[in-house]
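Have a look at the structure below before the remarks.
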């Protein structure tokens, strides 16, 4: 198996390129294509192009370093106006209901019931000021960097898998030396299982790496096209494809993060000597979590900071931002508890819409790419428990549509509503004294925890740890909540959301490690 890996590396099968050399690829070797013959319509590496020039001196050859004349860029440019689903049809419309570019077949087959379908000319004109090129360009650069980082992680993981594989082979041989000749059959079964798992994991990582590189290539090309002086329709198409590709990159990164750093381990069978005659293998090959050497005291540095004022003319008081969500197109929705409202900010952090709520909004969470939920409760400063039952208590579901905040639904609650989190089609709500689990239509699933002292101690939003069952977490950690004692001290297993943090601006920080912008509350 090790020899197979070596051969694979020598042939370059673990390296992916935008274009491979046509000649080398016929021999099963993957070398980068750096030159393209417009007559032969083939690409060549550094070595193969020399032979081509000798045989065909009159053929025009373009190089990858030529930029726009490189045939891959021209190929994407030629197809940018074509529908990705119906590849022979040109894009002519845009559906605002689904945020999708359409050809006439898309309209007939899937979007006949949509109410907001416009021609590209109309949409390009109406959106010329809504989609800032600078923001899209920054998004492309950030996505490219994150994808490149994920590619590097994938390569490191492949090396780790190989090292683990070789280590397990040694462990298998050590186990084999302790037993007799009857274990030959068991050894073969175990190594076969190891090879199968290693190959599957290795292929999965290589596939994800290839998809990352494809995203990087597309984002790079789209980013270059944004700088060209082209027709508004083509600009809009390019912008939409940039946004769609960035969203696809985020989705790819999320799926890859779930399997980031997958490792394999060998679990020996210690009872093998006594029962080897009845066994079918030497031990189980298990996929384990990697061991990360993380410094818990490492300081997270801030690379950049920008401040934006979100106070509006209708605000009676200084803003107190208690919740914030991001839509898929980069707009922000914030909850202002002092002014009892929710505000919509565009990508330039300008307030473009504002809706009033019946009383104080305490927290908010994302439900989907354009939907969010806000907890609303009346604050009684004179009560022993500040979060008492009131007719105004509830959860308000909002949707952002065409630069406006739309009220979708209100769920009335017979208790105060403070923290909120959305997990697997259910919402978790804290009341100041208890934690509740509800379905999306407002049906109570169960009361998960209650502080019977009635001292308003349960103040944070409950969010299960990734990949775990929240009930297991309760049994292992007691209660995964943040409690604030009467004297103001706090102990926490999750971040405590401040009740009143008065400010009228949004501060955006860039973490150089993640490359993501983080709005500060």
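Numbering (UniProt numbering), first residue to last: 1 to 521. Beta carbons are placed, not taken as given, at the ideal position from N, Cα and C, and that holds for glycine.
How close, in whole Å, do the beta carbons of residue 357 and residue 345 come, if the pair is a contact with beta carbons under 8 Å? The Cβ separation is near 17 Å, so there is no contact.
Does the stretch 405-418 come close enough to the stretch 369-378 that 3 or more CB-CB pairs lie under 8 Å? yes
Going by other Cβ atoms of all chains shown within 10 Å of its Cβ, with 16 needed for buried, is residue 19 buried or exposed? buried
Who pairs with residue 399 in a beta bridge, going by DSSP? 371, 406
Could you give the distance in angstroms between the alpha-carbon of residue 354 and the alpha-carbon of residue 341? 7 Å
Hey, out of 208, 104, 155, whose CA is closest to residue 251's CA? 208
For residue 263 and residue 280, the rounded distance between their alpha carbons: 24 Å
With the cut-off set at 8 Å, would you say residue 216 and residue 144 are in Cβ contact? yes
Among 429, 347, 48, the one whose alpha carbon lies nearest that of residue 27: 48
Please classify residue 445: is it buried, with 16 or more other beta-carbons within 10 angstroms of its beta-carbon, or exposed? exposed
Within its chain, find whatever has a CB closer than 8 Å to the CB of residue 116; leave out the 5 residues flanking it on each side and keep chain order. 95, 96, 97, 402
Quick one: what's got a C-beta closer than 7 Å to residue 339's C-beta in the same chain, skipping five residues either side? 315, 316, 317, 319
Start-end ranges of the alpha helix (DSSP H) lying completely within the stretch 268-340, minimum 4 residues: 272-275
Out of curiosity, what's the CA-to-CA distance linking residue 219 and residue 310? 32 Å
Nonlocal neighbours in the same chain, by C-beta distance under 6 Å from residue 37, ignoring five residues either side: 59, 61
Other residues of its chain near residue 371: CB distance less than 6 Å, five sequence neighbours each side excluded: 399
Residue 232 - DSSP class collapsed to helix/strand/coil: helix
Can the beta-carbon of residue 397 be found closer than 8 Å to that of residue 434? no
Cβ-based neighbour list, residue 211, same chain, cut-off 7 Å, excluding 5 preceding and 5 following: 252
Per DSSP, what kind of secondary structure is residue 113 in: helix, strand or coil? coil
Residue closest to residue 327, alpha-carbon to alpha-carbon, out of 82, 65, 99: 99
Considering residue 44, what are the terminal residues of the alpha helix (DSSP H) in which it resides? It is not in any alpha helix (DSSP H) - residue 44 instead sits in the beta strand (DSSP E) that spans 42-44.
Can you tell me which of 422, 108, 284, 343 puts its alpha carbon nearest to the alpha carbon of residue 406? 343
Just reading off the alpha helix (DSSP H) that residue 222 is part of, what are its end residues? 184-226
Helix, strand or coil, according to DSSP, for residue 51 in the structure here? helix
Would you kindly report the start and end of the unbroken alpha helix (DSSP H) that includes residue 126? 120-126
Do residue 187 and residue 197 have their C-beta atoms closer together than 8 Å? no
What is the DSSP secondary structure of residue 64, reduced to helix, strand or coil? helix
Can you tell me which of 426, 443, 448 puts its alpha carbon nearest to the alpha carbon of residue 436? 448
Can you tell me the Cα-Cα spacing of residue 304 and residue 142, whole angstroms? 14 Å
Residue 356 - partner residues in DSSP beta bridges: 341
Using the Cα positions of residue 514 and residue 254, report the straight-line distance between them to the nearest angstrom. With a pLDDT of 43 at residue 514, under the threshold of 50, the modelled position of that residue is not reliable, and no figure is offered here.
Considering residue 26, what are the terminal residues of the alpha helix (DSSP H) in which it resides? 22-26
For residue 237, the residue or residues it bridges with in DSSP: Looking at the DSSP assignment, residue 237 forms no beta bridge with any residue, so it has no partner.
Mapping DSSP to helix, strand and coil, what is residue 169? helix
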